[in-house]
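Undergrad:
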Amino acid sequence: MTTKWMMYAKKADFNGIGKQYGISPVTARIIRNRDVVGDEALTRYLRGTLKDLYSPHLLLHMDDAVALLSEKIQGGSAVRIVGDYDIDGVCSTYLLYRALKRVGAKVDYEIPDRVKDGYGINEQIIEAAAADGVDTVLTCDNGIAAVSQIARAKELGMTVIVTDHHDILCEDGKEMVPPADVIVNPKQAACQYPWKQICGAVVAWKLVQALYERFGVPAAEWEEMIEFAAIATVGDVMRLQDENRIIVKEGLRRVCRTKSVGLKKLVEKNNLDICHLSAYHIGFVIGPCLNAGGRLQTAKLALSMLLCEDEAEADRMAQELKELNDTRKTMTQEGIDAAALLVEEKYMQDKVLVVYLPDCHESLAGIIAGRLRERYHKPSLVLTRAEDGVKGSGRSIEGYHMFEALVEVKHLLTKFGGHPMAAGLSLREEDVEQLRLELNRNARLTEEDFIPKVWIDVPMPIEYISEPLIGELELLEPFGQGNEKPQFAQKHLHIRSTRVLGKNRNAVKLSLVSESGTAMDGMVFGNGDEFVEEMGQHRVMDIIYYPTINEYNGNRNFQIVIKEYQFVE
């Protein structure tokens, strides 16, 4: 796919910042490109620790939630935590359950079934809680949209505390919130919390901190659970900026001391070193395993594994989650192949891709939509047959507000929700084709919108690569959403030789030399034979790259990983 290379042009005194913080002007420029501006933000970015996290008491109604929970705990009331089936919901439930147990609460938990119950708390869960004699329902990572469900809980005489992080629906300028006794959600307009982009597990972790303060539990005990706030932050694709970046950085540093036997076992099953986990490992290896239970079976499997204290049982559950994720990967690839075939046979001219895969597991629709979006760089919705019609998920591109697009066709939908870049929807099967037609008719997208933009941090000749610079770039980790891995660019590198590597021939090693005569190896990952075919007789290329050090047989050499390339005539 053709990409458009874009150069950041954000201004600052890079030399001055470099001197003040002991970093190179190149690193200072990259940090500015991440919108980190001002001494306080720079210090937090480069040197932030747990001491720089915001107080939980800054969250609106946090003190009310702690006071009410304390009263219920001390009175022996039954408390039921209601979480959600994804990684954020599982980690939130884990944190609250462990904490409430620690302070002596009579507590249990419930997590909805993705297919049977759908997202968040529902009336069946409310009715079941009432039948079980539950006095207080405590939600996490859900609840802010459950207006009628929580109204039912109040009718039944239950106390309800909502902790959530999702956006709040507004009508005529008024927030539509449920009639809960207490709501803790940074997205409330009246909440003055300094960083509102935290996930549900961080909201839960903040509640744990405040609750432990109330009960005199040492601070070390809430601090040592930070890895679950970090895992959820990465897994729920929150922006790795401000407080989130500190939580993830500190969580990854401390995860090797985790008290969770199950987490240790899951890391082992994936052949990773728990003391050297990266945000990538969480996002693409551990996270998908924790999500696999909720997708194909029950999220309670992942939660039970994290809570398990028996080594053999934790090992068994970790193995089951790994196998479920392997099955999920196979099913996903089958779905992607089927969806791509339909697109290329029927819908290549569409601006918005709407693909109906009736037999696809509904939990995979969002992943497949995301892959279609990556492949074709078009807004993509994948629909599957469900018990009561058709359900689906969409993933968007910059320039197409998916939620607003669905508002325009809401007459065709039985249920929908989302935000600019992603959405979920339900509709009648007979309306699927009409949905495709109307979304495309309404789409105000141009050909320019379908060209992905690739952002370059610094145009930097490979001669500038040094060991101190590579060491400095490690200070910028963890990388992820909102704190992307830096990208450098150089023009006119001459290709001296190429070699396809790997048993799957999925890497190419290039011997490159710059116009000034500096030689360096470069690696391209992907289909090696396709790369060689595309290269043909070309012997000069422009590249976007990231510098690394390759260690082999005791030798250390600079090497560049090539992320994008264009052959020069």
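FYI, UniProt numbering numbers position 392 of the sequence shown as 392, with every residue one higher than the one before it.
All residues carry an ideal CB built from backbone N, CA and C; glycine is no exception.
Just so you know, these numbers come straight off a predicted model, no measurement behind them.
(1) What are the boundary residues of the alpha helix (DSSP H) that includes ARG44?
(2) Give the list of continuous alpha helix (DSSP H) stretches no shorter than 4 residues that lie fully inside the stretch 229-270.
(3) From which residue to which residue does the beta strand (DSSP E) around ARG444 run?
(4) How is the beta strand (DSSP E) around ILE81 delimited, first residue to last?
(5) Throw me the rounded Cβ distance for the ILE397 and HIS411 pair, which I believe falls under 8 angstroms.
(6) If you draw a straight line from the alpha carbon of TRP455 to that of HIS492, how long is it in whole angstroms?
(7) By DSSP's criteria, VAL343 is part of a beta bridge. Which residues make up the other side?
(8) Tell me, which residues are paired with GLY389 by DSSP?
(9) Once the 5 residues before and after VAL36 are set aside, which same chain residues still bring their CB inside 7 angstroms of it?
(10) Kindly provide the ranges of any alpha helix (DSSP H) runs that are 4 or more residues long and lie completely inside the stretch 68-140, ordered along the chain.
(11) Taking the straight line between their C-alpha atoms, what separation do you get for LYS116 and LYS206?
(12) Measure from the alpha carbon of LYS509 to the alpha carbon of each residue in SER516, ILE495, GLN537 and LYS329, then state which is nearest.
(13) Given a cut-off of 7 angstroms on the beta-carbon distance, is the pair ASP164 and ILE144 in contact?
(14) Does ILE144 come out as helix, strand or coil in the three-state DSSP assignment?
(15) Do LEU381 and GLY366 have their C-beta atoms closer together than 7 angstroms?
(16) So what does DSSP say about THR163, is it helix, strand or coil?
(17) Under 8 angstroms, with one C-beta from each stretch per pair, do the stretch 183-201 and the stretch 236-244 reach the 3-pair mark?
(18) Exposed or buried, which one is MET158 when buried takes at least 16 other CB atoms within 10 Å?
(19) Thinking C-alpha only, which one of LYS563, PRO478, ASN483 and LEU69 is nearest SER278?
(20) How would you label TYR552, buried or exposed, when you count the other beta carbons within 10 angstroms and need 16 or more for buried?
(21) With burial defined as no fewer than 16 other Cβ atoms inside 10 Å of the residue's Cβ, what is the status of ILE150: buried or exposed?
(22) How many angstroms separate the CA atom of ASP13 from the CA atom of ASN33?
(23) For LEU425 and ILE247, what's the separation of their Cα atoms in angstroms?
(24) Does the separation of the CB atoms of VAL500 and GLY528 fall below 7 angstroms?
(25) Looking only at its chain, what residues have a beta carbon closer than 8 angstroms to the beta carbon of LEU50, apart from the 5 residues adjacent to it on each side?
(26) Less than 8 angstroms between the CB atoms is what I'm expecting for GLY120 and ALA146, so what's the real figure, rounded?
(27) Indicate whether ALA369 and GLY399 have their beta-carbon atoms separated by less than 7 angstroms.
(28) With a floor of 3 residues, list each beta strand (DSSP E) that falls wholly inside the UniProt domain "DHHA1" (350-440), ordered by position along the chain.
(29) Counting only the same chain and skipping the five closest in sequence on each side, list residues whose C-beta sits under 7 angstroms from that of GLY283.
(30) Name the two residues that bound the continuous beta strand (DSSP E) containing THR498.
TA: Well, looking at it:
(1) Along the sequence shown, read from residue 1 onward, the residue named residue 44 stands at position 44. From DSSP, the alpha helix (DSSP H) with ARG44 extends over 39-47.
(2) 242-254 and 261-269
(3) Here residue 444 is taken as the residue at index 444 of the sequence shown, counted from 1. That residue, ARG444, is in no beta strand (DSSP E); it is neither H nor E in DSSP.
(4) Here residue 81 refers to the residue found at position 81 of the sequence shown. Run containing ILE81: 78-82, per the beta strand (DSSP E) assignment.
(5) The count along the sequence shown starts at 1 and reaches residue 397 at position 397. The count along the sequence shown starts at 1 and reaches residue 411 at position 411. Contact flag wrong, Cβ pair sits at about 25 angstroms.
(6) Looking up residue 455 in the sequence shown gives position 455. Looking up residue 492 in the sequence shown gives position 492. If you take the alpha carbons of TRP455 and HIS492, they lie about 19 angstroms apart.
(7) Here residue 343 refers to the residue found at position 343 when the sequence shown is read from its first residue. Answer is none; VAL343 lacks a bridge partner.
(8) By one-based count along the sequence shown, residue 389 stands at place 389. The secondary-structure analysis by DSSP pairs GLY389 across a beta bridge with ALA386.
(9) Along the sequence shown, one-based indexing puts residue 36 at 36. The answer, listed in chain order, is LEU42 and TYR45.
(10) 87-102 and 123-131
(11) Taking the first residue of the sequence shown as position 1, residue 116 is located at position 116. Taking the first residue of the sequence shown as position 1, residue 206 is located at position 206. Their backbone Cα atoms lie some 31 angstroms apart in a straight line.
(12) Walking along the sequence shown from the start, residue 509 turns up at place 509. Ranking SER516, ILE495, GLN537 and LYS329 by Cα distance to LYS509 puts ILE495 first.
(13) For the purposes of this step, residue 164 is identified with residue 164 of the sequence shown, where counting begins at 1. For the purposes of this step, residue 144 is identified with residue 144 of the sequence shown, where counting begins at 1. Cβ distance < 7 angstroms, so ASP164 and ILE144 count as in contact.
(14) Here residue 144 corresponds to residue number 144 of the sequence shown, with the count starting at 1. Three-state result, ILE144: coil.
(15) Taking the first residue of the sequence shown as 1, we reach residue 381 at position 381. Taking the first residue of the sequence shown as 1, we reach residue 366 at position 366. 7 angstroms or more divides the Cβ of LEU381 from the Cβ of GLY366.
(16) To locate residue 163, count along the sequence shown from 1; it is residue 163. Strand at THR163.
(17) yes
(18) On the sequence shown, position 158 is the one that residue 158 refers to. Under this definition MET158 is a buried residue.
(19) Numbered from its first residue, the sequence shown carries residue 278 at position 278. The option with the nearest alpha carbon to SER278 is PRO478.
(20) Position 552 of the sequence shown, counting from 1, holds the residue named residue 552. Exposed, since its Cβ has fewer than 16 Cβ neighbours within 10 Å.
(21) Here residue 150 is taken as the residue at index 150 of the sequence shown, counted from 1. Label assigned to ILE150: buried.
(22) Taking the sequence shown and counting its residues from 1, one reaches residue 13 at position 13. Taking the sequence shown and counting its residues from 1, one reaches residue 33 at position 33. Straight-line Cα distance between these residues: approximately 13 angstroms.
(23) Looking up residue 425 in the sequence shown gives position 425. Looking up residue 247 in the sequence shown gives position 247. Their backbone Cα atoms lie some 33 angstroms apart in a straight line.
(24) Here residue 500 refers to the residue found at position 500 of the sequence shown. Here residue 528 refers to the residue found at position 528 of the sequence shown. Their beta carbons are under 7 angstroms apart, which means VAL500 touches GLY528 by this criterion.
(25) Against the sequence shown, residue 50 aligns to sequence position 50. The residues GLU223, ILE226, ILE246 and GLU250, in chain order, have a CB closer than 8 angstroms to that of LEU50 in the same chain once the five nearest residues on each side in sequence are set aside.
(26) On the sequence shown, residue 120 is found 120 positions in, with the first residue counted as 1. On the sequence shown, residue 146 is found 146 positions in, with the first residue counted as 1. So it is a contact: roughly 6 angstroms between Cβ atoms.
(27) On the sequence shown, position 369 is the one that residue 369 refers to. On the sequence shown, position 399 is the one that residue 399 refers to. The answer is no: Cβ separation not under 7 angstroms.
(28) 353-356, 380-386, 389-395, 413-419 and 422-427
(29) What you label residue 283 is simply residue 283 of the sequence shown in a count that begins at 1. Listed in chain order, the non-local C-beta contacts of GLY283 below 7 angstroms within the same chain comprise VAL234, GLY235 and GLY480, local neighbours out to five positions each way being set aside.
(30) Here residue 498 refers to the residue found at position 498 of the sequence shown. Per DSSP, the continuous beta strand (DSSP E) segment holding THR498 begins and ends at 488-501.
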